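>
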Amino acid sequence: MENDRTTTAPSRLRAGFVGAGFMAEVHSRAARAAGAEIAGIASSSPASAARAKDRFGVEQAYASAQDLVEDDMIDVIHVCTPNATHLALAEAALKAGKHVVCEKPLATNVQDAAHLVELAASAGTVATVPFVYRFHPMVREARERIASGQTGRISTIQGSYLQDWLLSRDDDNWRVDAGLGGASRAFADIGSHLCDLIEFVTNDPIIRIGAISRTLFSGRANHKDVQTEDLVAAVFTTEAGTVGNLLVSQVAPGRKNRLMIEISGTESTMQFDQEAPETLWLGKRAGSELLVRDPDALSPEAARLSVLPAGHPQGYQDAFNAFIADTYAAINGDIRDGLPTFRDGLRSAVLTESIIESSKGGEWVDVPGVKQLEGAQK
564 MENDRTTTAP
574 SRLRAGFVGA
584 GFMAEVHSRA
594 ARAAGAEIAG
604 IASSSPASAA
614 RAKDRFGVEQ
624 AYASAQDLVE
634 DDMIDVIHVC
644 TPNATHLALA
654 EAALKAGKHV
664 VCEKPLATNV
674 QDAAHLVELA
684 ASAGTVATVP
694 FVYRFHPMVR
704 EARERIASGQ
714 TGRISTIQGS
724 YLQDWLLSRD
734 DDNWRVDAGL
744 GGASRAFADI
754 GSHLCDLIEF
764 VTNDPIIRIG
774 AISRTLFSGR
784 ANHKDVQTED
794 LVAAVFTTEA
804 GTVGNLLVSQ
814 VAPGRKNRLM
824 IEISGTESTM
834 QFDQEAPETL
844 WLGKRAGSEL
854 LVRDPDALSP
864 EAARLSVLPA
874 GHPQGYQDAF
884 NAFIADTYAA
894 INGDIRDGLP
904 TFRDGLRSAV
914 LTESIIESSK
924 GGEWVDVPGV
934 KQLEGAQK
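Numbering (my numbering), first residue to last: 564 to 941.
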């Protein structure tokens, strides 16, 4: 009878991780929470993989990423490595028939991102990018309120994503190096999350943008010729005619991970702050209220993502866990609303290149849609 249960039960997904840093740790926790077997890990060296195996509780360390990708026992590959390596690793995984979760940015330019979208489509596997802030319940509540008309006709959007971890000249990281991180740093790293959240919540794409960027330090501790930006400010318009602005900075003292969007309509204003993700501020002319996460009082999608009772705070790891759970559900044939795919990664690459072009040229730039790009590829 024991054997019967083993053979008839659905097999658990076997997840492999490339990379051994902070994001790989976050991914592995989420994969474990979603019921996967934490099967394998590869890193920059066999020694690094061996250390991560013990640290993360992974079954096996692989000598190389290629060995991991080619193992038929692995179902899904999580790419958690420096940005410039994403293309080759995701491409190898897709060609090996694996499902892929690739950290953002999906690629460091639009052409490579479009290639990965096309490859994922032809492979017929699930390919997702962790725009995980979509998975905060109060973000889904905001989205539902806009879609149902409770906010009225949207007039303005303002958003910011502020951090201070690169505040000093002595602060340094591989992301500073354009060769590893790509031509954009602050926007590609965190501005991508901000724009994804704005477009996801409003269902209204940005179509024109005007941006300026600044690099405060031309040299840092380990990098003497820094070309990537520390901050970006931009104004934009959307397809529906809404106007907005955004500010992205990795040099804002006291701001650790402050992602905020505020959307105003003819009936009300909504504000979501990722550092206080349990609430949604609702402003009206006659007064305002703070809507607290309570599964019994929220829209169905927000309630679905409320895995803890009201008053028991959920946070970033819970949002990441929900993203991975929905990715794995898609692998098993259950496609859930709001899952960010490689097409969303391509969209982010398009916005990043538009920001770069505008900030260099000092002029407005038209932002192409993903469908336009896909049509141009054929």
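Glycine residues also receive a C-beta, built at the ideal position from the N, C-alpha and C atoms.
Given the structure is predicted, the values throughout are model-derived calculations rather than measurements.
#1: Cα separation between A749 and N895?
#2: Shortest alpha-carbon distance to V928 belongs to which of Q935, E920 and K934?
#3: When you compare the CB positions of L679 and L650, do they come within less than 9 angstroms of one another, or not?
#4: Could you tell me which uninterrupted alpha helix (DSSP H) segments, each at least 4 residues in length, are contained entirely in the stretch 713-761, listed from first to last along the chain?
#5: Kindly identify the DSSP beta-bridge partner or partners of Q623.
#6: Taking the alpha helix (DSSP H) that L922 belongs to, which residues open and close that run?
#7: Three-state secondary structure (DSSP) at E654?
#8: Quick check on DSSP: helix, strand or coil for R821?
#9: Buried or exposed: Q877, going by 16 or more other Cβ atoms within 10 Å of its Cβ?
#10: So, do the stretch 825-835 and the stretch 718-737 have three or more beta carbon pairs nearer to each other than 8 angstroms?
#11: Kindly indicate which three-state DSSP category A690 falls into: helix, strand or coil?
#12: Can you tell which of A741, L853, I769 and E681 has the C-alpha that lies nearest to the C-alpha of N808?
#13: Check the C-beta distance from A578 over to A602 and give it rounded, since I have them as a contact under 8 angstroms.
#14: State yes or no: is the C-beta of Q726 within less than 9 angstroms of the C-beta of K819?
#15: Would you list, in sequence order, the uninterrupted beta strand (DSSP E) runs of no fewer than 3 residues that lie entirely inside the stretch 574-600?
#16: Need the endpoints of the beta strand (DSSP E) that F799 sits in, please.
#17: CB-CB under 6 angstroms to V933, same chain, minus the five flanking residues each way: which ones, in chain order?
#18: So T778 is in the alpha helix (DSSP H); what residue range does that whole segment cover?
#19: Got a sec? Which residues, its chain only, sit under 7 angstroms from V739 by beta carbon, not counting five neighbours each side?
#20: Any contact between the stretch 656-664 and the stretch 680-689? By contact I mean 3 or more CB pairs, one from each, below 8 angstroms.
#21: Since T842 sits in a beta bridge, which residues does DSSP pair it with?
#22: Check the DSSP bridge columns for L871 and list the partner residues they point to.
#23: Contact between the stretch 756-767 and the stretch 838-847: three or more CB pairs below 8 angstroms?
#24: Alpha carbon to alpha carbon, what distance is there between T644 and A653?
#25: How long is the line joining the alpha carbons of A605 and T832, rounded to whole angstroms?
#26: Taking C-alpha atoms, which residue in K658, V621, R706 and N672 lies nearest to A741?
#27: Alpha carbon to alpha carbon, what distance is there between A659 and A514?
#28: Would you tell me roughly how many angstroms separate the C-alpha atoms of K667 and P863, rounded to the nearest one?
#29: Report the rounded CA-to-CA distance for D900 versus Q880, giving the unit in angstroms.
#30: Rounding to the nearest angstrom, what Cα-Cα distance links G584 and S611 in this structure?
#31: When you compare each of L914, A865, Q834 and G874 to S723 by their alpha carbons, which one comes out closest?
#32: Could you check where the beta strand (DSSP E) with N884 kicks off and where it finishes?
#33: What does DSSP give as the partner residues of N808 in its beta bridges?
#34: Identify which residue in V806, L914 and F780 has its Cα closest to the Cα of T765.
#35: What number of angstroms, rounded off, separates the C-alpha of R867 from the C-alpha of G925?
Quick look at the numbers:
#1: Working through the sequence shown from its first residue, we reach residue 749 at position 186. Working through the sequence shown from its first residue, we reach residue 895 at position 332. Roughly 35 angstroms separates the two Cα atoms.
#2: Counting from 1 along the sequence shown, the entry for residue 928 is found at position 365. Among Q935, E920 and K934, the Cα nearest to that of V928 belongs to E920.
#3: Residue 679 sits at position 116 when you count from the first residue of the sequence shown. Residue 650 sits at position 87 when you count from the first residue of the sequence shown. Yes, the Cβ-Cβ distance between L679 and L650 is below 9 angstroms.
#4: 741-744
#5: For the purposes of this step, residue 623 is taken as the residue at position 60 of the sequence shown. Looking at the DSSP assignment, Q623 forms a beta bridge with G603.
#6: Counting from one through the sequence shown, the residue named residue 922 turns up at place 359. According to the sequence shown, residue 922 is Ser rather than Leu. Run containing S922: F905 to G924, per the alpha helix (DSSP H) assignment.
#7: Position 91 of the sequence shown holds residue 654. Looking at E654 - three-state DSSP - the assignment turns out to be helix.
#8: What you label residue 821 is simply residue 258 of the sequence shown in a count that begins at 1. It is a strand residue.
#9: Residue numbering aside, residue 877 sits at position 314 when the sequence shown is read from its first letter. Buried, by the Cβ-count rule.
#10: yes
#11: Taking the sequence shown and counting its residues from 1, one reaches residue 690 at position 127. Strand at A690.
#12: For the purposes of this step, residue 808 is identified with residue 245 of the sequence shown, where counting begins at 1. When only C-alpha atoms are compared, the closest one is I769.
#13: Position 15 of the sequence shown, counted from the first residue, corresponds to residue 578. Position 39 of the sequence shown, counted from the first residue, corresponds to residue 602. That pair is a contact at about 6 angstroms.
#14: Here residue 726 corresponds to residue number 163 of the sequence shown, with the count starting at 1. Here residue 819 corresponds to residue number 256 of the sequence shown, with the count starting at 1. Their beta carbons are under 9 angstroms apart, which means Q726 touches K819 by this criterion.
#15: 577-581
#16: Here residue 799 is taken as the residue at index 236 of the sequence shown, counted from 1. Looking at the DSSP string, the run of the beta strand (DSSP E) that includes F799 is L794 to T801.
#17: Indexing the sequence shown from 1 puts residue 933 at position 370. R906, L909 and R910.
#18: Counted from its first residue, the sequence shown places residue 778 at position 215. From DSSP, T778 is part of no alpha helix (DSSP H); its letter is neither H nor E.
#19: What you label residue 739 is simply residue 176 of the sequence shown in a count that begins at 1. Cβ within range, chain order: R748, R783, H786, V789 and T791.
#20: yes
#21: The sequence position of residue 842 within the sequence shown is 279, counting from 1. According to DSSP, T842 bridges with V855.
#22: Mapped onto the sequence shown, residue 871 falls at position 308. In DSSP, L871 forms no bridge with anything.
#23: no
#24: Within the sequence shown, the letter at position 90 stands for residue 653. Within the sequence shown, the letter at position 81 stands for residue 644. Answer to the nearest angstrom: the Cα atoms are 11 angstroms apart.
#25: Looking up residue 605 in the sequence shown gives position 42. Looking up residue 832 in the sequence shown gives position 269. Taking the straight line joining both Cα atoms gives about 46 angstroms.
#26: In the sequence shown, counting from the first residue as 1, residue 741 sits at position 178. For the residues K658, V621, R706 and N672, the minimum Cα distance to A741 belongs to N672.
#27: Any property of residue 514 remains undetermined from this structure, which presents the chain solely from 564 to 941.
#28: Within the sequence shown, residue 667 is the residue found at index 104, counting from 1. Within the sequence shown, residue 863 is the residue found at index 300, counting from 1. Going by the C-alpha atoms only, they are around 28 angstroms apart.
#29: Locating residue 900 in the sequence shown gives position 337, counting from the first residue. Locating residue 880 in the sequence shown gives position 317, counting from the first residue. Those two C-alpha atoms are separated by around 19 angstroms.
#30: Mapped onto the sequence shown, residue 584 falls at position 21. Mapped onto the sequence shown, residue 611 falls at position 48. Whole-angstrom Cα-Cα distance: 10 angstroms.
#31: Along the sequence shown, read from residue 1 onward, the residue named residue 723 stands at position 160. Out of L914, A865, Q834 and G874, Q834 has the C-alpha closest to the C-alpha of S723.
#32: The residue labelled residue 884 in the question sits at position 321 within the sequence shown. Segment Y879 to I894 is the alpha helix (DSSP H) holding N884; no beta strand (DSSP E) there.
#33: Against the sequence shown, residue 808 aligns to sequence position 245. The partner list for N808 (beta bridge, DSSP) reads Q721 and V798.
#34: The residue you call residue 765 lines up with position 202 of the sequence shown. Of V806, L914 and F780, the residue nearest in Cα terms is V806.
#35: Within the sequence shown, numbered from 1, the residue matching residue 867 stands at position 304. Within the sequence shown, numbered from 1, the residue matching residue 925 stands at position 362. Approximately 44 angstroms, taken between the alpha carbons.
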